[in-house]
Amino acid sequence: MKKLLLLGLIMLFVACPSPQKNTAMIAIRDGDYARAKEQILIGLQETPDDYELYMLLMKAEIGLSQWIAATEAYQRGEAIDSVKSMNWLLDDTRNVSVFWQAFYNAAFAQMGDKGYEDALQNLAHCKVLDPDRVDVYILEGGIYGELNNTEMARKAYSAALSIDPDNPEAYLLVGKAFFEKGDYDSAMVKFNAATENYEPKYDRINRVLFQNVPEIDNALKHQILRLWKDNKTQELDEVVKVRLGFDGGINAHKRNVETFYKTTDGIAQSYYWLSLTYRKLKNNDRALQNLTKSLDYMPDDLDALFFTGELLVMDKKYEDAISYFTQITALQKDDLYAWFYTGVCHQQLKNYQKAIDIYEGKVLALDPNNSDAMTNLAFVYRELGNNKKSLEYLMKVEALQKE
Numbered sequence: 047m048k049k050l051l052l053l054g055l056i057m058l059f060v061a062c063p064s065p066q067k068n069t070a071m072i073a074i075r076d077g078d079y080a081r082a083k084e085q086i087l088i089g090l091q092e093t094p095d096d097y098e099l100y101m102l103l104m105k106a107e108i109g110l111s112q113w114i115a116a117t118e119a120y121q122r123g124e125a126i127d128s129v130k131s132m133n134w135l136l137d138d139t140r141n142v143s144v145f146w147q148a149f150y151n152a153a154f155a156q157m158g159d160k161g162y163e164d165a166l167q168n169l170a171h172c173k174v175l176d177p178d179r180v181d182v183y184i185l186e187g188g189i190y191g192e193l194n195n196t197e198m199a200r201k202a203y204s205a206a207l208s209i210d211p212d213n214p215e216a217y218l219l220v221g222k223a224f225f226e227k228g229d230y231d232s233a234m235v236k237f238n239a240a241t242e243n244y245e246p247k248y249d250r251i252n253r254v255l256f257q258n259v260p261e262i263d264n265a266l267k268h269q270i271l272r273l274w275k276d277n278k279t280q281e282l283d284e285v286v287k288v289r290l291g292f293d294g295g296i297n298a299h300k301r302n303v304e305t306f307y308k309t310t311d312g313i314a315q316s317y318y319w320l321s322l323t324y325r326k327l328k329n330n331d332r333a334l335q336n337l338t339k340s341l342d343y344m345p346d347d348l349d350a351l352f353f354t355g356e357l358l359v360m361d362k363k364y365e366d367a368i369s370y371f372t373q374i375t376a377l378q379k380d381d382l383y384a385w386f387y388t389g390v391c392h393q394q395l396k397n398y399q400k401a402i403d404i405y406e407g408k409v410l411a412l413d414p415n416n417s418d419a420m421t422n423l424a425f426v427y428r429e430l431g432n433n434k435k436s437l438e439y440l441m442k443v444e445a446l447q448k449e
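Its first residue numbered 47, the sequence shown is counted upward by one per residue in the working numbering.
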């Protein structure tokens, strides 16, 4: 009997966690994650094959907001025992969403660092923890897009839509995947679905954000969008308090303003990509119509402004085109191509001196070896009867071509 009792005591002792593990668990419970990590690392020196220490290290790194380090800790534990490691996460039901967020945050950061393989691995863990989160499939599609794997990107976005059939972002991204493949008819269907599903979201956030405003003013909307994009918090706080009538200012309504910006940008991008699709289908009129809608939502979108100007040049509507290129140069004074096309428009309108001023004073100032500007200057000076200056620019172009 005494022997059996002694054996029980020995078994109890062996089953007890190590002092470092105990200390780490207490530290994690108390929120002292640095102390927990310190004890875990000591424990790993003594028992490097203890998968549970790596699970605790993952928790400590999450507490320290070290997402990639947290997932690396998990992977080391997984290498020791993959089944026990995943079950350890799933059994901690109160923290499953926290583990999911750590894997997702790490994948997001790794995508930014071009660590695509690691990012996809972390997203695979996200799917095990919660297979119905649309965010995972959208990020996964973006990663495959970066890898130029349009088929896998399309599958990821389609998976997102199977979970959330009304998700406008997923429709937009699936449309982009079809566009990149050259399947423009399918892309158009998805972009149209994106605009249709963004509209109710846009209406809802408008009702929330402008509930104290008697009449919604587009100028006010555009002001808020610009201030948010430029991160002008102080000015935005004043607008929220004075113009929107919210006493709490931007601190109390940051989430709504951010949602307003993202939703507005999403619907604007949907119309922009529709315009690109119509251009590919050689329907410039419909392309311009959708660009107009895009700019109604986001009037400072440089790509949409440039594409609009470009289409107007193709339609020989030079005066109209100048207004769009001028908006670009007002927003971005060193935009070489906007200046160049402004010069082209004035040249076509026979405003030769204005074209010269732009080519010489703007384009060549930004790019002294711009042969296109020099070629156009040679033409303009010849039209003005200044053959000497025309020949000078032609010789410069010839010299650049030899180089």
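Heads up, the beta-carbon is just placed ideally off N, CA and C, and yes, glycines get one too.
A residue is called buried once 16 or more other Cβ atoms fall within 10 Å of its Cβ, and P94, having fewer, is exposed. Restricting attention to Y383, T388, Q378, the CA atom closest to the CA of S369 is found in T388. Residue environment: Q280 is assigned as exposed (fewer than 16 neighbouring CB atoms within 10 Å of its CB, all protein chains considered). Put simply, the backbone Cα of H268 is about 38 Å away from that of S417.
In the DSSP assignment, E118 falls within the unbroken alpha helix (DSSP H) covering 113 to 126. Fewer than three Cβ pairs drawn from the stretch 254 to 262 and the stretch 214 to 226 lie within less than 8 Å of each other, which leaves the two stretches out of contact.
Spanning the alpha carbons of W113 and H171 requires a straight line of approximately 14 Å. Around the C-beta of D178, fewer than 16 other C-beta atoms lie within 10 Å, and the residue is accordingly described as exposed. The straight-line gap separating the alpha-carbon atoms of G407 and K396 is approximately 18 Å. Taking a 10 Å sphere around the C-beta of N168, we find 16 or more other C-beta atoms and assign the residue as buried. In terms of Cα proximity to D349, the closest of A70, L273, K328, L377 is L377. Between V285 and I262, the C-beta spacing is not below 8 Å. Per DSSP, reduced to three states, the secondary structure at L357 is helical. The C-alpha of W274 lies about 10 Å from the C-alpha of F306.
In the DSSP annotation of this structure, the continuous segment of the alpha helix (DSSP H) that includes D311 starts and ends at 295 to 326. With respect to the 8 Å criterion, K247 and T309 are classified as neighbours on the basis of their beta carbons. Taking C391 as the centre and dropping the five residues before and after it, the same chain places the C-beta of Y364, A367, I368 closer than 6 Å to its C-beta, in chain order. Around the beta carbon of D361, fewer than 16 other beta carbons sit within 10 angstroms, so the residue counts as exposed. The Cβ atoms of I251 and N213 do not sit closer than 8 Å to each other. In this structure the stretch 121 to 132 does not lie against the stretch 152 to 159, because fewer than three pairs of beta carbons, one per stretch, are closer than 8 Å. A direct Cα-to-Cα measurement between R272 and K67 gives close to 51 Å. Distances from the alpha-carbon of K326 to those of Y230, F371, A419 put Y230 closest. Two segments are said to touch when three or more pairs of C-beta atoms, one from each, lie closer than 8 Å; by this definition the stretch 318 to 332 does not touch the stretch 290 to 304. The residue from Y203, F371, Q147 with its alpha-carbon nearest to that of G191 is Y203.
The DSSP-derived three-state label of P211 is coil. In this structure, the alpha-carbon of N433 lies about 7 Å from that of Y427. In the three-state reduction of the DSSP assignment, L255 falls in the helix class. Per DSSP, Y100 is one residue of the alpha helix (DSSP H) stretching across 97 to 109. By the neighbour-count criterion, in which 16 or more other beta carbons inside 10 Å mark a residue as buried, S316 falls on the buried side. By the Cβ neighbour-count rule, Q447 is exposed, with fewer than 16 other Cβ atoms within 10 Å of its own. By the Cβ neighbour-count rule, G187 is buried, with 16 or more other Cβ atoms within 10 Å of its own. For S232, the three-state secondary structure derived from DSSP is helix.
Relative to S436, the option among A445, L423, E444, V443 whose CA is nearest is L423. In this structure, the straight-line span from the alpha carbon of T421 to that of F225 is close to 35 Å.
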